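To start, the structure itself, in C-alpha cells.
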Amino acid sequence: TQLLEQSPQFLSIQEGENLTVYCNSSSVFSSLQWYRQEPGEGPVLLVTVVTGGEVKKLKRLTFQFGDARKDSSLHITAAQPGDTGLYLCAGAKVGSGNTGKLIFGQGTTLQVKP
Amino acid sequence: ETGVTQSPTHLIKTRGQQVTLRCSSQSGHNTVSWYQQALGQGPQFIFQYYREEENGRGNFPPRFSGLQFPNYSSELNVNALELDDSALYLCASSLDVGGTNEQFFGPGTRLTVL
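These protein sequence lines are chains G and D, in that order.
Be aware that the first sequence starts at 27, since it is given in the numbering used here, and climbs by one per residue.
Be aware that the second sequence starts at -19, since it is given in the numbering used here, and climbs by one per residue.
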C-alpha cells in the first residue's frame, strides 16, 4: 500500500517555467521531508516541515505542509536545467512505536529543457 | 564533518549467493536506517539500528539482516539472493530516533543479481 502519492510522476518543462509537485496521503505525519536525487546517487535532503500550514523557502523552491499534516507541495519558480532530477517526499508517521521509519512517495521525475 | 559513506559502490552477484553492504554514518549520528530502492521507485524501509539494536523493521524477509557497531557504522546482509533483490541499497544516518526524523543518505550501493 502506497501511503504517499506523488503527482505528477513525470514532468518535462522549458527553462523559466513554474511547476508544482504534490504529495498526498490519508495519513497524518509528524514531519515531512523533501529530497532531490540524481541518477545513481543517494537522495539529498532539501527541507523538513513539521508544523501544519508551515511554509519554507529555499531560493526558488517553496515547500508547504498541509494544515492537517497529511499533504505537502513543492513549488519551483523559474525552473532551470540544474533543477532536473527525481524529487521525493518522505513522511514520518505519528503514533506509538515511532522508529524513525520514513515512508517515501514514488517520486516525481523533473526534466527542465534549456 | 564527514557525510554518510557506503561500500562497495557496485556489486554483481548470482542467485543464491550472500552479500554484505557497509555504511559509515555521519559524524555524531547514532542511528542508521537501510532502504531498498528499485528502479523508478521511491526507497522502501528495510530496518533501522539505534545504539547497536534493531529499532524497527519494514516488510522484508528474515534473509535481510543487519548489524550496528559501537562506532555506529552498520552492515546489511542479504542471504540467498534473488533476482528481485537487484536494486540501489541506501543507508541513511540521523542524529537520534524520533524528533523530526531528518535522515541523511549515502550514495548507495548498486546491487545486480544475475
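Don't be surprised by glycine CBs; every beta carbon is placed ideally from N, CA and C.
Note that the structure is predicted; figures quoted are calculated from it, not measured.
Cutoff 8 Å; reference residue i; Cβ partners in own chain excluding five residues on either side
{"i": "D:Arg43", "result": "Val58, Asn59 and Ala60"}
{"i": "G:Gly131", "result": "Gln28, Leu30, Glu31, Gln32, Cys49, Leu114, Cys115 and Ala116"}
{"i": "G:Leu84", "result": "Leu72 and Val73"}
{"i": "D:Lys(-7)", "result": "Val(-1), Leu61, Leu91, Thr92, Val93 and Leu94"}
{"i": "G:Thr110", "result": "Leu136, Gln137 and Val138"}
{"i": "G:Ile39", "result": "Leu45, Ala105, Leu136, Gln137, Val138 and Lys139"}
Residue i: first and last residue of the uninterrupted beta strand (DSSP E) it sits in
{"i": "G:Ser56", "result": "Phe55 to Gln63"}
{"i": "G:Leu23", "result": "Outside the modelled stretch of chain G, which goes from 27 to 140, sits residue 23 of chain G, for which no answer is possible."}
{"i": "G:Leu84", "result": "Val81 to Leu84"}
{"i": "G:Leu128", "result": "Leu128 to Phe130"}
{"i": "D:Ala60", "result": "Taken as a continuous stretch (DSSP letters only), D:Ala60 belongs to no beta strand (DSSP E), as it is neither H nor E."}
{"i": "D:Arg(-5)", "result": "Run containing D:Arg(-5): none; DSSP gives neither H nor E here."}
{"i": "D:Leu19", "result": "Where D:Leu19 is concerned, there is no enclosing beta strand (DSSP E), given that its DSSP letter is neither H nor E."}
{"i": "D:Leu68", "result": "Ala67 to Ser74"}
{"i": "G:Thr135", "result": "Thr134 to Lys139"}
{"i": "D:Arg37", "result": "Glu33 to Arg37"}
{"i": "D:Tyr52", "result": "Neither: D:Tyr52 is in no beta strand (DSSP E) and is coded neither H nor E."}
{"i": "G:Thr88", "result": "Leu87 to Phe91"}
Check whether residue i and residue j have beta carbons under 8 Å apart
{"i": "D:Leu70", "j": "D:Phe85", "result": "yes"}
{"i": "G:Lys96", "j": "D:Phe25", "result": "no"}
{"i": "G:Thr135", "j": "G:Leu112", "result": "yes"}
{"i": "D:Phe27", "j": "D:Gly36", "result": "yes"}
{"i": "G:Val70", "j": "G:Phe91", "result": "no"}
{"i": "D:Pro87", "j": "D:Thr(-11)", "result": "yes"}
{"i": "D:Ser13", "j": "D:Ala67", "result": "no"}
Close Cβ partners of residue i (< 6 Å) along its chain, the five nearest in sequence each way excluded
{"i": "D:Ser4", "result": "Thr(-15) and Ser53"}
{"i": "G:Pro140", "result": "Glu41 and Pro107"}
{"i": "D:Arg2", "result": "Ser(-13) and Glu55"}
{"i": "G:Leu87", "result": "Ile102"}
{"i": "D:Gly(-17)", "result": "Gln6"}
{"i": "G:Val47", "result": "Leu100, Tyr113 and Thr134"}
Sequence-distant residues of its chain with Cβ nearer than 7 Å to residue i (five each side left out)
{"i": "D:Leu63", "result": "Arg(-5) and Val93"}
{"i": "G:Ser52", "result": "Lys96"}
Heavy atom of the ligand GDP within 7 Å of residue i beta-carbon
{"i": "D:Thr(-11)", "result": "Only the bare structure without any ligand can be found here, which leaves the ligand GDP out of the picture."}
Members of the stretch 79 to 92 of chain D that neighbour chain G once the beta carbon cut-off is set at 9 Å: Gly79, Thr80, Asn81, Glu82, Gln83, Phe84, Phe85, Gly86, Pro87, Gly88 and Arg90
Where the stretch -18 to 15 of chain D meets chain G: residues whose CB sits under 7 Å from a CB there: Thr11 and Ser13
Interface residues of the stretch 16 to 27 of chain D facing chain G [CB-CB below 7 Å]: Gln21, Gly22, Pro23 and Phe25
Interface positions of the stretch 54 to 77 of chain G facing chain D (Cβ-Cβ less than 8 Å), listed along the chain: Ser56, Ser57, Gln59, Tyr61, Gly66, Glu67, Gly68, Pro69, Val70, Leu71, Thr74 and Val76
Selection of the stretch 36 to 49 of chain D by Cβ proximity to chain G, strictly under 9 Å: Under the 9 Å Cβ criterion, the stretch 36 to 49 of chain D contributes Gly36, Arg37 and Gly38.
Chain-ordered residues of the stretch 129 to 140 of chain G with a beta carbon less than 8 Å from chain D: Ile129, Phe130, Gly131, Gln132 and Gly133
Short-range partners of chain D found in the stretch 28 to 48 of chain G, where Cβ spacing is below 7 Å: none
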